[in-house]
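Enquirer: Supplied in structure tokens, the structure appears directly below.
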Amino acid sequence: MRIAVAGTGYVGLITGICLAEMGHHVVCTDVREEKIQLLKTGRSPIFEPGLEPMLKHNMSNGRLDFTTNPRTAYKNAEIIFIAVGTPENEDGTANLDYIHAAAYTIGVSIENDVIVCTKSTVPVGTNEKIKEIIQSVKPPPLQAIVVSNPEFLREGTGIIDFFNGDRIVIGTESREAASIMEKMYLPLKIPIMKTDTRSAEMIKYASNAFLATKISFINEIAAICEKVGANIEEVAYGIGKDKRIGPHFLQTGIGYGGSCFPKDTKALVQIAGNVKHKFELLESVIKVNYRQQALAVLKAKEILGSLKDKRVALLGLAFKPDTDDVREAASLTIAKALKDEGAMVIAYDPAAIANARKVLGDTIEYTMDIQLAIENTDAAIIATEWDQIKHFPLEIYAEKMKSPIIIDGRNCYSLQDLSSHPITYISIGRPSIK
Ligand code: NAD
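Take 1 as the starting number for the sequence shown in UniProt numbering and just add one per residue.
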């Protein structure tokens, strides 16, 4: 099929490249000239495992192209995916400016009937608005049929998730569009759920809200474990063995971050508020997460007293491993809090330094070498469970740090491993080793 994708961010680019890999002819477009120029040279503007080779492969076989000209992208497309950002407004609502602009441009550019398929996470009713905007510039008989097709991929495993998702949700009132979408996705052999547009839009927010709830729930249990002398890892394992609960998303830590959970939970509180429903449970989930992101620095102060002029290594800047994305990452909150306390911060990350620098500037030091990061420091705070950090030998902390204190915000090490090292080790929901 001839497919266009609006937005070459994490979702749009992964989707576009994977659709080309499936054999479709894909043109991706973005308003950011520098991204398209880079992509045209076969390089990816985002760090995502496996993406660049697949990008190059599909460009060379002629199935994948990039342009800043929306008319070129949309003119002959049978399906146009909208994958532009929906960041949060100051009041927590979803900012739909990019969505509305993309819809308008689609309206201006299309010359044939087309399916417009929204991958971006958008509040209930947005797809109706998209249709309205397109029709305002291209009224019938030209048909733009709108489909909600929310995206569930995770950064860092985006390609695997595209080809092995748990389900594909197709929300539309058009049977014809639903069956075209179904046919397009059929080779993936992923269960397809067809539903109405509004339910599809809601499924995405409800999924993210539920996952965030699991995380805040286990973080609450971890806080209690610390006080009553239980071990959260044993507790989470015991809970997760129950098939009704399952083992996933029961890892405690210093909170969720990223470009989705924080903004989508807040947006759902607002969506509920718009229909006069106070979503108290989700409000608490959000509150718990703020508390959790502040935990590492609190623990550092408990053990070191004042942090003024202390040298602290911050291990991990990305909001999760295998991505360069730092949006709403716990590391940013930690870096700012450490600076406010007067500490000197040296941060390690294998992929996210450039993005972190855009937010934190030169207020902290950066290195891509863990050993350099921890050298001569008073404490090390682990903020991201990168493999490089998880497998970093404990004896080097003991050898290189001024005072070997690890505050492990992701429970990367087993307590057993720690027992043979002269290290003060504070983790989340587990007994401390001093
Ligand atoms: P992103 O910020 O990485 O990328 C958005 C891209 O859209 C940018 O490159 C931007 O320049 C481009 N853009 C903006 N306006 C445009 C326009 N009018 N035409 C063409 N391009 C335009 O965002 P993302 O992380 O890929 O997320 C996109 C959407 O998908 C969001 O709604 C997000 O909530 C949702 N989502 C994201 C993830 C994720 O893991 N990142 C997962 C599932 C769903």
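Backbone N, C-alpha and C define an ideal beta-carbon position, used for all residues, glycine too.
Tell me which same chain residues have a C-beta within less than 6 Å of the C-beta of I433, skipping the five on either side of it?
Expert: Within the same chain, I433 has close Cβ partners L418, Y425.
Enquirer: To the nearest angstrom, how far is the alpha carbon of A300 from that of L307?
Expert: Their Cα atoms are separated by approximately 8 Å.
Enquirer: Using three-state DSSP, classify M193 as helix, strand or coil.
Expert: Three-state result, M193: strand.
Enquirer: What did DSSP end up calling E176 once you bin it into helix, strand or coil?
Expert: Helix, per DSSP.
Enquirer: Check for me: the beta strand (DSSP E) holding H25 runs from which residue to which?
Expert: Per DSSP, H25 belongs to the beta strand (DSSP E) from 25-29.
Enquirer: Note down, in chain order, each residue of its chain lying with its Cβ closer than 6 Å to the Cβ of C117, except the 5 sequence neighbours on either side.
Expert: So the list reads I79, F81, V147, N149, once near-sequence residues are dropped.
Enquirer: Out of K310, K227, I17, L38, which one is the CA nearest neighbour of R430?
Expert: Nearest C-alpha to R430: K227.
Enquirer: For Y425, write down the residues that DSSP places opposite it in a beta bridge.
Expert: For Y425, which the question treats as bridged, DSSP gives the partners I406, I433.
Enquirer: From A373 to A351, what does the alpha carbon distance come to, in whole angstroms?
Expert: Those two C-alpha atoms are separated by around 15 Å.
Enquirer: Just mark N127 as buried or exposed, buried being the case when its beta carbon has 16 or more other beta carbons within 10 Å.
Expert: Answer is buried; the Cβ neighbour count reaches 16.
Enquirer: Under 8 Å between the Cβ atoms of D325 and S259?
Expert: Taking 8 Å as the Cβ cut-off, D325 and S259 qualify as a contacting pair.
Enquirer: Tell me whether the stretch 235-246 and the stretch 289-304 touch, counting them as touching only if at least three CB pairs, one residue from each stretch, are closer than 8 Å.
Expert: The stretch 235-246 is not in contact with the stretch 289-304.
Enquirer: Count the other C-beta atoms from every protein chain shown that fall within 10 angstroms of the C-beta of Q292, then say buried if there are 16 or more, exposed otherwise.
Expert: Buried is the call here.
Enquirer: Whose CA, out of I428, S414, P422, lies closest to the CA of G255?
Expert: Considering only alpha carbons, the answer is I428.
Enquirer: Can you tell me whether DSSP reads S136 as helix, strand or coil?
Expert: Helix at S136.
Enquirer: Out of E90, G409, A101, which has the shortest C-alpha to C-alpha gap to T333?
Expert: Among E90, G409, A101, the Cα nearest to that of T333 is on G409.
Enquirer: Suppose contacts are defined by Cβ-Cβ distances below 8 Å. Is V169 in contact with S120 by that definition?
Expert: No. Outside cutoff.
Enquirer: Quick one: which unbroken alpha helix (DSSP H) runs of 4-plus residues sit fully inside the stretch 112-156? Chain order, please.
Expert: DSSP runs (the alpha helix (DSSP H)) wholly in the stretch 112-156: 126-137.
Enquirer: When burial is assigned at 16 or more other CB atoms within 10 Å of the CB, is G62 buried or exposed?
Expert: Counting Cβ neighbours within 10 Å, G62 comes out exposed, since fewer than 16 surround it.
Enquirer: Do F249 and C18 have their CB atoms nearer than 8 Å?
Expert: The answer is no: Cβ separation not under 8 Å.
Enquirer: Please determine, among G23, A177, S60, C28, the residue with the shortest C-alpha to C-alpha distance to V11.
Expert: Ranking the options by Cα distance to V11, first place goes to C28.
Enquirer: Can you confirm whether the stretch 314-331 touches the stretch 380-389 when touching is taken to mean that 3 or more C-beta pairs between the two stretches lie within less than 8 Å?
Expert: Because the criterion of three Cβ pairs below 8 Å is met, the stretch 380-389 and the stretch 314-331 touch.
Enquirer: Check whether the stretch 210-230 and the stretch 180-197 touch, using three or more Cβ-Cβ pairs below 8 Å as the test.
Expert: The answer is no - the stretch 180-197 does not touch the stretch 210-230, with fewer than three Cβ pairs under 8 Å.
Enquirer: Let's see if you can read the secondary structure: which residues bound the alpha helix (DSSP H) around L338?
Expert: Element bounds for L338: 330-340.
Enquirer: Report whether the distance from the Cβ of C260 to the nearest heavy atom of the ligand NAD is below 7 Å.
Expert: Yes, Cβ of C260 sits closer than 7 Å to a heavy atom of the ligand NAD.
Enquirer: Spatial neighbours of L39 within its chain, please: CB distance less than 6 Å, with the 5 preceding and 5 following residues excluded, ordered by chain position.
Expert: Excluding sequence neighbours, L39 sits near F66.
Enquirer: List in chain order: all unbroken beta strand (DSSP E) runs of 3+ residues lying wholly within the stretch 52-81.
Expert: The stretch 52-81 contains these whole beta strand (DSSP E) runs: 64-67.
Enquirer: Are there any heavy atoms of the ligand NAD lying less than 7 Å away from the beta-carbon of G85, as far as the coordinates show?
Expert: True, at least one ligand heavy atom lies under 7 Å from that Cβ.
Enquirer: Following the continuous beta strand (DSSP E) through A300, name the residue where it begins and the one where it ends.
Expert: Per DSSP, A300 belongs to no beta strand (DSSP E); it is in the alpha helix (DSSP H), 280-304.
Enquirer: Beta-carbon separation of A103 and I133 under 8 Å?
Expert: In contact: A103 and I133 (Cβ atoms closer than 8 Å).
Enquirer: On the CB-based measure, 16 or more other CB atoms within 10 Å of its CB, does I160 come out buried or exposed?
Expert: Classification of I160: exposed, given that the 10 Å Cβ count is below 16.
Enquirer: Any chance the CB of A101 is under 7 Å from a heavy atom of the ligand NAD?
Expert: At least one heavy atom of the ligand NAD is nearer than 7 Å to the Cβ of A101, so yes.
Enquirer: By the DSSP assignment, the beta strand (DSSP E) with L250 in it spans what residues?
Expert: Run containing L250: none; DSSP gives neither H nor E here.
Enquirer: In the DSSP output, what is I3 paired with across the bridge?
Expert: Paired residue(s): V26, I79.
Enquirer: Give me, in chain order, the residues of the same chain whose beta-carbon lies closer than 6 Å to that of M344; leave out the 5 immediate sequence neighbours on both sides.
Expert: Taken in chain order, the residues that qualify are R311.
Enquirer: Give a yes or no on whether the C-beta atoms belonging to Y74 and I36 are separated by under 8 Å.
Expert: No, the Cβ-Cβ distance between Y74 and I36 is not below 8 Å.
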